[in-house]
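First up is the structure itself, then whatever we jot down about it.
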């Protein structure tokens, strides 16, 4: 069974540019969450999607946005990049179809490492 | 005060010994608790989940939860060099409509020495 797939794995951008990151969840998983990981702040929640709807959003500026498609794949976008946006962006999937409730167990992809110059 | 607190370490453990990792959380309404292992340069990997008070064992790992004390721990028995990693404690502080929002601790670095 394939895991969570994130693309691209590495990317370098300059300040002011925008970036789109993609995530394909584990087959059958219906919920996708995004996290930012930096050495200083650790893992911080960005947002969560289920059934193409944003269920929750973390404390990040509006430059950070996302969406989920009908096949559960998700994208996140960061506009007007700042140096501080350099981080590892992690996508996690959960909530297998066929389950009535979600255990809350998240399964992470390998991440997209963004460097902003 | 951080919502989920862990000792940053490093926690040095001789090979074959027991590693004991601790985590405290501030939200009494927390329902779900997880331990993740993260190797350097890799993404977090789920190793244990626990939802009710008491112990839960899975192989060499035992998670312990005490909601009254707002405390969750992880024991690693017969520690191996391959257990050297950062261990992240994560807590779900909401009960509904937010399964994917976890509060993570800063992580405890474990170093298993041969």
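Chains as they are written, first to last, in the working numbering: chain L, 1 to 117; chain C, 1 to 114. In this text, a Cβ means the ideal position worked out from N, Cα and C, and glycines have one as well. Just so it is clear, the structure is predicted and the values come from calculations on it, not from any experiment.
Residue nearest to residue i in terms of C-alpha spacing, selected from the options
i	options	result
residue 31 (chain L)	C:106, C:100, C:18	C:100
residue 2 (chain L)	L:108, L:115, L:45, L:77	L:108
residue 4 (chain C)	C:114, C:59, C:107	C:107
residue 117 (chain L)	L:86, L:78, L:36	L:86
residue 102 (chain L)	C:86, C:51, C:23, C:36	C:51
residue 88 (chain C)	C:26, C:18, C:15, C:47	C:47
residue 26 (chain C)	C:114, C:92, C:110	C:92
residue 5 (chain L)	L:21, L:25, L:14	L:25
Within chain L, partners of residue i - CB distance below 8 angstroms
i	result
residue 107 (chain C)	42
Straight-line Cα distance separating residue j from residue i
i	j	result
residue 104 (chain C)	residue 9 (chain C)	16 angstroms
residue 33 (chain C)	residue 45 (chain L)	16 angstroms
residue 92 (chain L)	residue 112 (chain L)	12 angstroms
residue 33 (chain L)	residue 50 (chain L)	9 angstroms
residue 143 (chain L)	residue 23 (chain L)	Residue 143 (chain L) is absent from the model: chain L starts at 1 and stops at 117.
residue 42 (chain C)	residue 29 (chain C)	31 angstroms
residue 69 (chain C)	residue 63 (chain C)	15 angstroms
residue 19 (chain L)	residue 82 (chain L)	11 angstroms
residue 112 (chain C)	residue 20 (chain C)	12 angstroms
DSSP three-state assignment for residue i, whether helix, strand or coil
i	result
residue 14 (chain C)	strand
residue 27 (chain C)	coil
residue 78 (chain C)	coil
residue 42 (chain L)	strand
residue 59 (chain C)	coil
residue 117 (chain L)	coil
residue 84 (chain L)	helix
Beta-bridge pairing of residue i - partner residues as DSSP gives them
i	result
residue 53 (chain L)	L:50
residue 92 (chain L)	L:33, L:108
residue 45 (chain C)	C:37
residue 75 (chain L)	L:22, L:67
residue 5 (chain L)	L:24
residue 60 (chain L)	Residue 60 (chain L) is not bridged to any residue.
Heavy atom of the ligand SAM within 8 angstroms of residue i beta-carbon
i	result
residue 53 (chain L)	Only the bare structure without any ligand can be found here, which leaves the ligand SAM out of the picture.
Within chain L, the residues that residue i reaches when beta carbons sit closer than 7 angstroms
i	result
residue 44 (chain C)	108
Within chain C, the residues that residue i reaches when beta carbons sit closer than 8 angstroms
i	result
residue 105 (chain L)	34, 46, 49
Beta-carbon neighbours of residue i, restricted to chain C and to distances below 9 angstroms
i	result
residue 52 (chain L)	Chain C residues near residue 52 (chain L): none, gap ~14 angstroms exceeds 9 angstroms.
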